[in-house]
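Here the structure is laid out as structure tokens; the discussion comes afterwards.
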Amino acid sequence: MRLLNCLRDNRHWPKCVLGISKLSAFEFLQITHSDLSHNQLLSQLRKQSIDPDEILAEHHRQLTCEKELARILCNLNVSYRIMKRIDDVKCVNWADLVITIGGDGTFLLASKLITNNKTPIFGINPHPGISTFTLPIEYSTDIERIFEKLYAGDYIVLMRSRIRTVMTGEGLYQQPF
């Protein structure tokens, strides 16, 4: 790996990285239809005029991105965990860098879980044609380059504020029509 030697000497390099990964549509369907086999699930999708090939392709893009991030962090000798966004969120306090693997929703969820203003976060989008709020396309396809830029200090930290909205009242969750 082209960066491995120089990164081991950097005192400011993250020691603990948490990857928060999107639950793919296929994983969601597997959970919600646990009584169906793989083939039965694909058959149900076809009956609903949903292209199972696209659902599976999205799932494989997600898994490939997770595996690539894990491989790079392992090669860099960085302690890491990759969890699905529905898993236990206590790991966020453990990390000194959070990386989301998904789209805007995963990024926003992870940013909500970070309760301090010191833990940096960035997002990798395994399907950059769909969502563009997270990391630019060229980095989503070259994850190692992200870490090269981090090491070189070639990045800008943007501090963002979050706002929480709470709605109270009757009829908030009724169907509009």
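Read left to right, the sequence shown gives residues 1 to 177 (the working numbering). Ideal Cβ positions, reconstructed from N, Cα and C, are used throughout, including at glycine.
Check                                                                                                                                                   : Outcome
Ignoring anything shorter than 4 residues or poking outside the region 104–158, list the alpha helix (DSSP H) runs there in chain order.                : 104–113, 137–140 and 143–152
If you drop the 5 nearest sequence neighbours on each side, which residues of the same chain put their C-beta closer than 6 angstroms to that of Cys16? : Ser79, Trp94, Ala95 and Asp96
Can you check DSSP and say which residues form a bridge with Gly102?                                                                                    : None, per the DSSP bridge assignment.
Three-state secondary structure (DSSP) at Gly19?                                                                                                        : strand
Looking at the structure shown, is Ile50 part of a helix, part of a strand, or coil, going by DSSP?                                                     : coil
What residues in its chain sit with their C-beta under 6 angstroms from that of Arg8, if we drop five residues either side in the sequence?             : Confidence at Arg8 is low in this model, with a pLDDT of 45, below 50, so its placement is unreliable and the value that follows should be read with caution. Closer than 6 angstroms at Cβ, skipping near neighbours: no residue.
What number of angstroms, rounded off, separates the C-alpha of Arg145 from the C-alpha of Leu23?                                                       : 25 angstroms
Anyone know if the C-beta pair for Leu150 and Arg81 falls short of 7 angstroms?                                                                         : no
Identify which residue in Leu36, Ala70 and Arg164 has its Cα closest to the Cα of Lys112.                                                               : Arg164
Nearest-angstrom Cα distance between Gly123 and Gly169?                                                                                                 : 35 angstroms
What residue from Ser161, Gly171 and Leu29 has the CA that sits closest to Cys59's CA?                                                                  : Note that residue 59 is His in the sequence shown, not Cys. Checked all of Ser161, Gly171 and Leu29; the closest Cα to His59 is Leu29.
Less than 8 angstroms between C-beta atoms, sequence neighbours within five positions excluded: which residues of the same chain meet that for Arg46?   : Pro52
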